[in-house]
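J.:
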Amino acid sequence: MSEQERPTPAATDEDTAAEARETTDDSTTDETTDVPTSDETAETEPKAEPEPESAPPAKRKRRRDPLAAALIGVLTLLLGFAFAVQVRSNDQDSKLAGAREEDLVRILDTLNAQEERLRLQIADQRSALEQLSNSDSQSAAALQEARQRAEAIGILNGTLAAQGPGLRMLIRDPGGEVRVADVLDAIQELRGAGAETMQIDGVRIGVSSAVTGDPGALQIDGQDISAPYEVLVIGSPQNLETAMNIPGGVVQRVGGRGGSVDITQSQQIVVDALRPLDTPQYASPQSDD
């Protein structure tokens with residue numbers, strides 16, 4: 001029997017298993033080869049064109065609130081000041097903590113001396129204030145007194161009008177027999193009885209008043225007066241009337257010349273006739289020297 005005719009030996013189980021494994025490997029290799037990789041996919045797919053970048057939105061201009069900026073600045077300054085004060089306080093505390101007893105005593109004495117000086121200054125200021133207050137009060141009182149004196153002098157001189165209790169006298173002279181001496185006596189007797197001011201027929205009587213003229217044509221300070229002569233006088237009504245009625249006084253003399261005197265007491269006599277202030281020609285105030 002020739003070699004070609006020899007029967008082929010039956011395949012064993014091991015050979016069969018090996019063939020099966022090879023077949024499986026070949027199929028796996030083919031499948032793996034057919035699946036494209038991610039890189040290949042990326043290369044085959046067309047690349048998308050990049051979209052044009054949109055322009056960034058325009059920035060809006062922010063307006064700063066001036067009030068907010070000012071507040072921020074103030075807060076910053078306050079914080080800085082507080083920090084500086086705190087640092088200084090800490091430095092002083094650390095210095096005092098490390099100071100010697102003698103230094104602490106000296107510092108305490110210095111502070112006490114400063115406090116005492118401040119107390120003295122406060123006391124001086126209070127004293128000055130009290131003096132100013134007293135000075136103002138004294139000045140006000142002096143001013144008030146000066147004003148009252150000026151008013152009194154003005155009333156006596158006839159430069160100010162006056163009112164008060166007194167008399168109203170009406171001297172009647174139908175025959176024109178009343179003389180200058182009769183009028184002067186009436187003025188002097190009224191002054192002696194305490195008359196403060198008076199006027200006769202609208203003429204104010206002053207320190208230098210002069211009565212002139214003839215009976216029936218009398219003048220006071222160059223101004224004509226005519227009967228009946230009206231006399232308005234301020235003073236004690238009772239004292240003034242008593243002075244007019246004394247024996248041999250004005251009432252009796254005028255009656256002896258054919259005239260009469262009517263006297264009326266009143267609590268409200270107004271003397272409003274004014275006279276210019278007399279300017280002295282020779283007298284002058286005495287100097288303090």
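The C-terminal residue of the sequence shown carries number 289 in full-length UniProt numbering, and the numbering is unbroken.
From the three backbone atoms N, C-alpha and C, an ideal C-beta is built for every residue, glycine too.
Taking the straight line between their C-alpha atoms, what separation do you get for residue 147 and residue 113?
T.: Residue mapping note: residue 147 aligns to position 147 of the sequence shown, counting from 1. Residue mapping note: residue 113 aligns to position 113 of the sequence shown, counting from 1. Approximately 50 Å between the Cα atoms of the pair.
J.: Determine the extent of the beta strand (DSSP E) in which residue 197 is found, giving its start and end residues.
T.: Taking the sequence shown and counting its residues from 1, one reaches residue 197 at position 197. That run of the beta strand (DSSP E) goes 197–200.
J.: Are the Cβ atoms of residue 284 and residue 165 separated by less than 8 Å?
T.: Along the sequence shown, read from residue 1 onward, the residue named residue 284 stands at position 284. Along the sequence shown, read from residue 1 onward, the residue named residue 165 stands at position 165. For residue 284 and residue 165, no; Cβs fall outside 8 Å.
J.: Which residue from 238, 282, 246 and 167 puts its Cα closest to that of residue 200?
T.: For this step, residue 200 is matched to residue 200 along the sequence shown. The option with the nearest alpha carbon to residue 200 is 167.
J.: What number of angstroms, rounded off, separates the C-alpha of residue 278 from the C-alpha of residue 208?
T.: As a first step, residue 278 is located in the sequence shown; it is residue number 278 there, counting from the start. As a first step, residue 208 is located in the sequence shown; it is residue number 208 there, counting from the start. So the two alpha carbons sit approximately 8 Å from each other.
J.: Which two residues bound the contiguous beta strand (DSSP E) that contains residue 230?
T.: Working through the sequence shown from its first residue, we reach residue 230 at position 230. Here the beta strand (DSSP E) through residue 230 covers 229–234.
J.: The alpha helix (DSSP H) with residue 180 in it runs from where to where?
T.: In the sequence shown, the residue the question calls residue 180 occupies position 180. 180–192 is the extent of the alpha helix (DSSP H) around residue 180.
J.: What are the boundary residues of the beta strand (DSSP E) that residue 290 is part of?
T.: The shown model of the chain, from 1 to 289, leaves out residue 290, and the question about it has no answer.
J.: How many angstroms separate the CA atom of residue 144 from the CA atom of residue 153?
T.: One-based indexing of the sequence shown puts residue 144 at position 144. One-based indexing of the sequence shown puts residue 153 at position 153. Approximately 14 Å, taken between the alpha carbons.
J.: May I have a chain-ordered list of the alpha helix (DSSP H) segments no shorter than 4 residues that lie completely inside the stretch 113–159?
T.: The stretch 113–159 contains no whole alpha helix (DSSP H) run of 4 or more residues.
J.: How would you label residue 105, buried or exposed, when you count the other beta carbons within 10 angstroms and need 16 or more for buried?
T.: Looking up residue 105 in the sequence shown gives position 105. Residue 105 is exposed by the Cβ-count criterion.
J.: For the beta strand (DSSP E) holding residue 376, just list the boundary residues, first then last.
T.: Past the edges of the chain, shown from 1 to 289, lies residue 376, and the structure says nothing about it.
J.: When DSSP builds the beta bridges, which residues end up paired with residue 286?
T.: To locate residue 286, count along the sequence shown from 1; it is residue 286. DSSP, once it has assigned bridges, lists no residue as partnering residue 286.
J.: On the DSSP letters alone, give me the boundaries of the beta strand (DSSP E) that residue 254 sits inside.
T.: For this step, residue 254 is matched to residue 254 along the sequence shown. Element bounds for residue 254: not the beta strand (DSSP E) but the alpha helix (DSSP H), 250–256.
J.: Please classify residue 269 as buried or exposed, where buried requires at least 16 neighbouring CB atoms within 10 angstroms.
T.: Your numbering for residue 269 matches position 269 in the sequence shown. Per the 10 Å Cβ criterion, buried.
J.: Here's a check: name, in chain order, each residue in its chain whose Cβ is nearer than 8 Å to the Cβ of residue 47, leaving out the five neighbours to either side.
T.: Working through the sequence shown from its first residue, we reach residue 47 at position 47. Low confidence applies here, because residue 47 scores a pLDDT of 48, under 50, leaving its location unreliable; read the following figure in that light. If we look at residue 47 and ignore the five residues flanking it on each side, it has no Cβ neighbours.
J.: Just curious, the beta strand (DSSP E) that residue 219 is in, first and last residue?
T.: As a first step, residue 219 must be located in the sequence shown, where it is residue number 219. Looking at the DSSP string, the run of the beta strand (DSSP E) that includes residue 219 is 217–220.
J.: Bridge partners for residue 223 per DSSP, in chain order?
T.: The sequence position of residue 223 within the sequence shown is 223, counting from 1. Beta-bridge pairing links residue 223 to 220.
J.: Alpha carbon to alpha carbon, how far is residue 127 from residue 276? Give it in angstroms, no decimals.
T.: Sequence index remark: in the sequence shown, residue 276 carries index 276 (1-based). Sequence index remark: in the sequence shown, residue 127 carries index 127 (1-based). Going by the C-alpha atoms only, they are around 48 Å apart.
J.: In the DSSP assignment, what residue or residues form a beta bridge with residue 264?
T.: Reading the sequence shown from its first residue, position 264 is the one you call residue 264. Its beta-bridge partners are 168.
J.: Quick check: the Cα distance between residue 138 and residue 193, rounded to an integer number of angstroms?
T.: Taking the sequence shown and counting its residues from 1, the one referred to as residue 138 is at position 138. Taking the sequence shown and counting its residues from 1, the one referred to as residue 193 is at position 193. Going from the Cα of residue 138 to the Cα of residue 193 covers about 36 Å.
J.: Given a cut-off of 8 Å on the beta-carbon distance, is the pair residue 206 and residue 158 in contact?
T.: Residue 206 sits at position 206 when you count from the first residue of the sequence shown. Residue 158 sits at position 158 when you count from the first residue of the sequence shown. The answer is yes: Cβ separation under 8 Å.
J.: Locate the beta strand (DSSP E) running through residue 278, then write down its first and last residues.
T.: Against the sequence shown, residue 278 aligns to sequence position 278. From DSSP, residue 278 is part of no beta strand (DSSP E); its letter is neither H nor E.
J.: Looking only at C-alpha atoms, which of 282, 262 and 244 sits nearest to residue 186?
T.: Reading the sequence shown from its first residue, position 186 is the one you call residue 186. When each option's Cα is compared against that of residue 186, the closest is 244.
J.: How close, in whole Å, do the beta carbons of residue 220 and residue 211 come, if the pair is a contact with beta carbons under 8 Å?
T.: Working through the sequence shown from its first residue, we reach residue 220 at position 220. Working through the sequence shown from its first residue, we reach residue 211 at position 211. Residue 220 to residue 211, Cβ: 5 Å. Contact.
J.: Please name the residue or residues paired with residue 214 in a DSSP beta bridge.
T.: Your numbering for residue 214 matches position 214 in the sequence shown. DSSP, once it has assigned bridges, lists 217 as partnering residue 214.
J.: Can you tell me the Cα-Cα spacing of residue 161 and residue 273, whole angstroms?
T.: Counted from its first residue, the sequence shown places residue 161 at position 161. Counted from its first residue, the sequence shown places residue 273 at position 273. Their Cα atoms are separated by approximately 7 Å.
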